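Report on the following structure.
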Amino acid sequence: MATVSLRGLTKKFADTAAVNELDLEIGDQEFVSLLGPSGCGKTTTLRLMAGFLQPEAGEIRVNQEVVSSPSVLVPPERRNMSMIFQSYAVWPHMTVAENVAYGLKFKKLSRAEIEQKVDRLLQLVHLLDLKERYPGELSGGQQQRVALARALVVEPQILLLDEPLSNLDANLREEMRFEIRRLHEEFRITTIYVTHDQAEAMVTSDRIAVMHQGKILQLGTPEEIFDRPKTRFVAEFIGKTNILKGRLQDGERVYFGEGRSVRVARHDGCKQGVEVIVCIRPHNLFLVGTASEAQEWNQKGYNLFSGVVRRRIYFGDAIDYLVELPLHHLSLRVVSSPSHRYDLGHKLFALAHPNHCVVVREE
Amino acid sequence: MSLPGTRVLERIREGRGFRLKRWDPTLPIWIGAALFVVFLMLLPVGSIFVTSLYNELGLTLRNYLEVFTEEAYLKAIWNTLVISFWVGVIAVLIGSLLAWLVTRTDLPWKRGIRALVMASFVTPPFLGAFAWTLLAGPNAGLLNNLYRSVSGAQEPLFNIFTMTGLIFVMALYSFPYVFSMIANVCELISSDLEDAANILGANKWKIALTITLPLTAPALFGGFILAFLHSLSLFGAPAILGLPAGLHTITTQIWAFFQYPPRMDLAAAFSIPLLLATMGLIALQKKLLGRRGYSTVGGRGGQKRLLSLGMFRVPVLLLVLGILSLSVFLPYGILLKAALAKAWALPLTWENFTLGNFAFAFFQYGDTQAAILNTFKLGILTATVGTIIAALIAYITNRQLLRGARYLTFFVLAPLVIPGIVLAVGLFIAYTRPPIILYGTVWILFVAYLTKEMPIGFSQTESTFKSIHPELEDATRIMGANRLQALKDITVPLARSGLIAAWSFIFIGVIRELSASILLFTPQSKVVSVVIFDLKEEGQIGAIAVLGILLLAVSFLVILGVQRIVGRDLFATKE
Numbered sequence: 018m019a020t021v022s023l024r025g026l027t028k029k030f031a032d033t034a035a036v037n038e039l040d041l042e043i044g045d046q047e048f049v050s051l052l053g054p055s056g057c058g059k060t061t062t063l064r065l066m067a068g069f070l071q072p073e074a075g076e077i078r079v080n081q082e083v084v085s086s087p088s089v090l091v092p093p094e095r096r097n098m099s100m101i102f103q104s105y106a107v108w109p110h111m112t113v114a115e116n117v118a119y120g121l122k123f124k125k126l127s128r129a130e131i132e133q134k135v136d137r138l139l140q141l142v143h144l145l146d147l148k149e150r151y152p153g154e155l156s157g158g159q160q161q162r163v164a165l166a167r168a169l170v171v172e173p174q175i176l177l178l179d180e181p182l183s184n185l186d187a188n189l190r191e192e193m194r195f196e197i198r199r200l201h202e203e204f205r206i207t208t209i210y211v212t213h214d215q216a217e218a219m220v221t222s223d224r225i226a227v228m229h230q231g232k233i234l235q236l237g238t239p240e241e242i243f244d245r246p247k248t249r250f251v252a253e254f255i256g257k258t259n260i261l262k263g264r265l266q267d268g269e270r271v272y273f274g275e276g277r278s279v280r281v282a283r284h285d286g287c288k289q290g291v292e293v294i295v296c297i298r299p300h301n302l303f304l305v306g307t308a309s310e311a312q313e314w315n316q317k318g319y320n321l322f323s324g325v326v327r328r329r330i331y332f333g334d335a336i337d338y339l340v341e342l343p344l345h346h347l348s349l350r351v352v353s354s355p356s357h358r359y360d361l362g363h364k365l366f367a368l369a370h371p372n373h374c375v376v377v378r379e380e
Numbered sequence: 002m003s004l005p006g007t008r009v010l011e012r013i014r015e016g017r018g019f020r021l022k023r024w025d026p027t028l029p030i031w032i033g034a035a036l037f038v039v040f041l042m043l044l045p046v047g048s049i050f051v052t053s054l055y056n057e058l059g060l061t062l063r064n065y066l067e068v069f070t071e072e073a074y075l076k077a078i079w080n081t082l083v084i085s086f087w088v089g090v091i092a093v094l095i096g097s098l099l100a101w102l103v104t105r106t107d108l109p110w111k112r113g114i115r116a117l118v119m120a121s122f123v124t125p126p127f128l129g130a131f132a133w134t135l136l137a138g139p140n141a142g143l144l145n146n147l148y149r150s151v152s153g154a155q156e157p158l159f160n161i162f163t164m165t166g167l168i169f170v171m172a173l174y175s176f177p178y179v180f181s182m183i184a185n186v187c188e189l190i191s192s193d194l195e196d197a198a199n200i201l202g203a204n205k206w207k208i209a210l211t212i213t214l215p216l217t218a219p220a221l222f223g224g225f226i227l228a229f230l231h232s233l234s235l236f237g238a239p240a241i242l243g244l245p246a247g248l249h250t251i252t253t254q255i256w257a258f259f260q261y262p263p264r265m266d267l268a269a270a271f272s273i274p275l276l277l278a279t280m281g282l283i284a285l286q287k288k289l290l291g292r293r294g295y296s297t298v299g300g301r302g303g304q305k306r307l308l309s310l311g312m313f314r315v316p317v318l319l320l321v322l323g324i325l326s327l328s329v330f331l332p333y334g335i336l337l338k339a340a341l342a343k344a345w346a347l348p349l350t351w352e353n354f355t356l357g358n359f360a361f362a363f364f365q366y367g368d369t370q371a372a373i374l375n376t377f378k379l380g381i382l383t384a385t386v387g388t389i390i391a392a393l394i395a396y397i398t399n400r401q402l403l404r405g406a407r408y409l410t411f412f413v414l415a416p417l418v419i420p421g422i423v424l425a426v427g428l429f430i431a432y433t434r435p436p437i438i439l440y441g442t443v444w445i446l447f448v449a450y451l452t453k454e455m456p457i458g459f460s461q462t463e464s465t466f467k468s469i470h471p472e473l474e475d476a477t478r479i480m481g482a483n484r485l486q487a488l489k490d491i492t493v494p495l496a497r498s499g500l501i502a503a504w505s506f507i508f509i510g511v512i513r514e515l516s517a518s519i520l521l522f523t524p525q526s527k528v529v530s531v532v533i534f535d536l537k538e539e540g541q542i543g544a545i546a547v548l549g550i551l552l553l554a555v556s557f558l559v560i561l562g563v564q565r566i567v568g569r570d571l572f573a574t575k576e
């Protein structure tokens with residue numbers, strides 16, 4: 018049982034706030050990712066939670082008890098947390114088994130109990146055969162799993178992960194994402210996961226907090242974050258997106274001047290008549306070649322853009338088009354299936370359902 | 002289930018606990034070590050400064066006036082500058098040539114050459130100077146005798162008791178500093194950098210001029226400054242080779258101020274310019290090396306191709322061995338001969354062979370036994386305490402444990418700019434008066450050695466800690482260990498070889514120390530280097546050779562032992 022709440026958390030390094038009045042509530046057994054570009058304060062937030070850093074303002078509560086504040090700092094060793102580090106931090110002078118057993122040393126367990134727990138965890142991460150090896154004799158992925166086993170064997174209330182996969186190669190990284198989620202479903206430990214990789218956050222997390230400049234811009238499930246970004250930064254950081262600037266009017270229409278407009282998805286918080294940004298994901302647009310077909314879709318309520326193919330990139334499972342819209346003075350990226358091809362210079366029409374045209378704030 | 006920490010929190014709330022704000026049970030250790038180091042450095046320098054401003058009449062600038070108007074004293078300063086300049090130039094020529102040959106060409110027998118450079122580094126310069134008096138003294142010098150018998154001339158070929166001779170000997174024992182610096186840079190420059198210029202159209206010479214040389218230039222100049230500083234602070238060699246010719250340098254002049262009647266105020270005033278000069282040069286060197294980010298020169302994994310010397314391989318090897326024979330083979334040979342001969346200048350025949358020098362040095366000459374004991378006691382004690390303190394300070398600065406930790410670096414490295422003899426002046430003034438009187442005991446030597454060796458201990462341990470990722474410790478903390486346990490279980494075992502290396506560097510530095518010892522010893526607290534200096538006055542050449550061999554043998558044994566424990570080359574520039 019562990020809930021974590023951060024309230025008004027602030028940490029400064031040399032007068033610049035790395036974490037700035039940050040609020041975050043994490044429920045019991047929840048897996049939350051802190052996602053953001055480097056320097057956004059996500060690792061600092063994690064190290065604040067671990068107790069390696071003390072906040073200048075605000076507090077961190079675990080199960081309602083204050084563990085960090087400007088006047089209180091429970092040291093890391095008494096927080097009943099585990100952490101997996103970016104460098105793995107597997108101790109090179111201890112064998113795999115000794116690494117995993119280390120945390121149990123402080124728990125007053127018999128030798129047999131320790132051995133049993135270590136073996137169980139090593140089995141779980143498929144390292145039992147390598148238990149007498151030294152870390153220098155293991156591959157990066159194996160070291161990563163040692164770090165996982167070492168963190169889980171102490172049965173922590175809270176698990177902290179600091180970019181644990183960033184040093185692995187692409188294939189292994191993808192495999193370990195699922196592994197981490199699988200282990201979470203098995204142990205149900207409250208987990209905070211720091212990453213700059215949106216795919217990692219999507220696969221592993223119950224909720225994602227997108228961070229920028231020491232603040233959380235948006236908190237939500239992976240679907241909410243991806244489909245309903247609230248700001249331009251979130252929309253652009255998570256996946257590719259087309260950006261169109263216009264003025265919100267007539268309820269759910271955005272006008273781009275010269276009478277051209279799109280219908281947009283339901284939104285909250287934007288006043289009528291203000292400048293807004295419309296985000297359309299490239300894969301939510303589709304292309305048709307004839308005006309009659311385009312009109313048909315338009316009648317069903319789809320937004321219609323007419324343009325010319327200016328660039329085409331073949332990815333095998335998809336084709337990425339750049340479509341120039343002469344009437345809007347801008348270009349759209351469209352990702353479509355490779356079953357139908359349009360040549361460069363070809364005139365065509367791009368369509369998007371209003372639900373996929375999302376209004377976001379500039380900041 | 003509640004957090005273990007919450008129990009503490011409850012106690013705090015009830016008012017009977019303790020506040021946890023920034024509290025760490027190991028904090029007193031860090032603060033204590035930091036204060037100790039600051040005290041260690043400030044006291045001698047402060048003492049010199051204050052004393053230089055006083056005479057029997059009170060606050061005055063007359064000491065400075067006297068020191069800097071007297072022609073003899075100015076001559077000593079001039080001599081020092083001339084000598085150090087040429088030592089710097091020659092050391093750079095020899096050091097960079099050897100470094101380049103060893104790192105960038107297919108010269109054979111590289112390991113052996115590195116070992117010989119290390120031997121030159123370990124040889125105390127005063128011992129080398131002494132050996133060269135036997136080799137190239139104008140009357141009985143072995144090389145001169147050889148020359149006379151071959152050519153039939155009357156005049157000697159060399160006279161080592163000249164400024165040229167002094168420069169020659171000092172350069173022989175300064176070039177290893179340049180060598181290690183240049184070798185480092187050469188190993189960092191990957192051939193890719195040169196290939197990049199090549200593919201853009203530069204030929205071999207153009208590459209050397211526009212890429213390789215500019216990349217090494219700061220290191221060359223830095224090496225010059227290092228060698229310059231090294232010779233600036235030497236006392237033994239100028240005392241042995243310069244004084245018989247009436248040639249004073251700053252260090253021998255400071256020593257002369259200590260002879261009867263002692264003029265402490267003048268010694269202090271004379272020390273200040275030396276102190277300022279070294280400070281300025283170190284700052285300059287740092288600036289030169291710091292600007293272009295040397296750690297990034299190579300990036301990683303850059304392949305190095307070795308230049309083929311072709312038909313010159315053997316001649317170049319002979320040249321290199323010739324140079325190294327000047328610093329190692331010839332001096333060691335003559336020392337060994339002198340130690341085993343009744344008359345050192347005569348051929349080592351069976352009639353001339355004796356072990357009497359050993360018996361005399363170890364059993365008959367009054368001071369040696371106590372001095373040997375003192376030397377090794379001080380060596381072990383200083384190395385042990387020094388390593389611990391240096392490691393604590395390095396840990397503080399590396400992990401930013403205290404506020405203002407980076408200023409600590411300044412204090413620990415400060416002795417780099419304090420020549421040994423100047424340090425001794427400061428310590429002498431500071432510890433001959435209350436509240437702490439150490440003069441007359443071995444403890445003042447201990448303090449001197451500890452201060453002097455702090456920079457090398459610090460830089461060694463600091464680079465060790467730098468190589469241990471802090472997350473290794475963080476991982477321990479979050480698993481339930483406190484900071485002391487983390488140190489014990491993780492940091493110390495991982496730092497072990499670095500700490501052992503630091504210990505041996507300090508030990509070797511201590512047992513060969515002369516320039517501070519020469520002012521601080523008393524008849525009750527002599528060390529081997531001082532006894533050698535005494536024996537020199539008495540002309541006991543065999544006994545000097547015996548003691549010199551003892552120092553060298555112990556140094557090499559320590560290095561070999563440590564290399565066996567640590568499993569790597571202590572003086573390797575890579576890794």
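Protein sequence lines correspond, in order, to chains A and B.
Be aware that the first sequence starts at 18, since it is given in my numbering, and climbs by one per residue.
Be aware that the second sequence starts at 2, since it is given in my numbering, and climbs by one per residue.
Using N, Cα and C, we set each Cβ at its ideal position, and we do this for glycine too.
These figures come from a predicted structure and were not determined experimentally.
In this chain, the beta strand (DSSP E) harbouring His-229(A) covers 224-229.
With contact defined as three or more Cβ pairs closer than 8 Å, the segment 227-237 of chain B and the segment 85-103 of chain B are in contact. The C-beta separation of Tyr-338(A) from Tyr-359(A) comes to about 7 Å, placing the pair in contact by the 8 Å criterion. The C-beta of Lys-288(B) has fewer than 16 other C-beta atoms within 10 Å across all chains shown, which makes the residue exposed. Counting along the chain, Gln-266(A) sits inside the beta strand (DSSP E) bounded by residues 259-266. The residue from Leu-261(A), Val-142(A), Gly-324(A) with its alpha-carbon nearest to that of Ser-278(A) is Leu-261(A). Residue nearest to Met-119(B) within the set Phe-169(B), Thr-477(B), Leu-553(B), Ile-566(B) is Leu-553(B) (criterion: CA-CA distance). CA-to-CA, the gap between Gly-324(A) and Asp-334(A) works out to about 23 Å. Within the segment 141-154 of chain A, not one residue has a Cβ closer than 7 Å to any Cβ of chain B. For Pro-494(B), the C-beta contacts it makes with chain A under 7 Å involve His-110, in order along the chain. The DSSP-derived three-state label of Lys-527(B) is coil. Residues of chain A with a Cβ closer than 7 Å to the Cβ of Ala-482(B) are, in chain order, Glu-94, Phe-123. Between the C-alpha atoms of Gly-89(B) and Arg-194(A) there is a straight-line separation of about 59 Å. DSSP places Val-377(A) in the uninterrupted beta strand (DSSP E) bounded by 375-377. Boundaries of the beta strand (DSSP E) around Val-49(A): 48-52.
As a beta-bridge residue in DSSP terms, Gly-59(B) pairs with Asn-56(B).
Here the alpha carbon of Arg-64(A) sits roughly 11 Å from the alpha carbon of Val-36(A).
A direct Cα-to-Cα measurement between Ala-154(B) and Thr-165(B) gives close to 21 Å. For Ser-150(B), DSSP assigns no beta-bridge partner whatsoever.
Along the segment 74-103 of chain A, the positions whose C-beta sits under 9 Å from a C-beta of chain B are Val-79, Asn-80, Glu-82, Val-83, Val-84, Pro-87, Ser-88, Val-89, Leu-90, Val-91, Pro-92, Pro-93, Glu-94, Arg-95, Arg-96, Asn-97, Met-98, Ser-99, Met-100, Ile-101, Phe-102, Gln-103, read in chain order. The beta carbon of Asn-116(A) sits closer than 6 Å to those of Val-107, Trp-108, Val-163, Arg-167, all from its chain and outside the five residues before and after it, given in chain order.
For Lys-467(B), the enclosing alpha helix (DSSP H) covers residues 444-467.
CA-CA distance, Ser-272(B) to Leu-44(B), rounds to 15 Å. Residue contact with chain B for Gly-120(A): present (Cβ-Cβ distance below 8 Å to some residue of chain B).
DSSP places Gly-441(B) in the coil class of the three-state scheme, outside both helix and strand. If you compare the alpha carbons of Thr-20(A), Thr-61(A), Pro-92(A) with that of Gly-44(A), the shortest gap goes to Thr-20(A).
By the Cβ test, the segment 493-511 of chain B is in contact with the segment 558-565 of chain B, since at least three Cβ pairs between them sit closer than 8 Å. Excluding residues up to 5 positions away in sequence, Leu-230, Leu-233, Val-418, Pro-420 lie with their Cβ nearer than 7 Å to the Cβ of Thr-279(B) in the same chain. Interface annotation, Ala-67(A): in contact with chain B, CB-CB separation under 8 Å. Proximity of Glu-538(B) to chain A, defined by a Cβ-Cβ separation below 8 Å, is not satisfied.
Looking only at Lys-527(B), Arg-513(B), Leu-558(B), the smallest Cα-Cα distance to Leu-128(B) is reached by Arg-513(B). Residue Thr-208(A) holds the alpha-carbon nearest to the alpha-carbon of Gln-174(A) among Gly-157(A), Thr-208(A), Arg-198(A), Gln-161(A). DSSP places Gln-235(A) in the uninterrupted beta strand (DSSP E) bounded by 232-237. Chain B places no beta carbon closer than 8 Å to that of Ala-226(A), leaving this residue out of the contacts.
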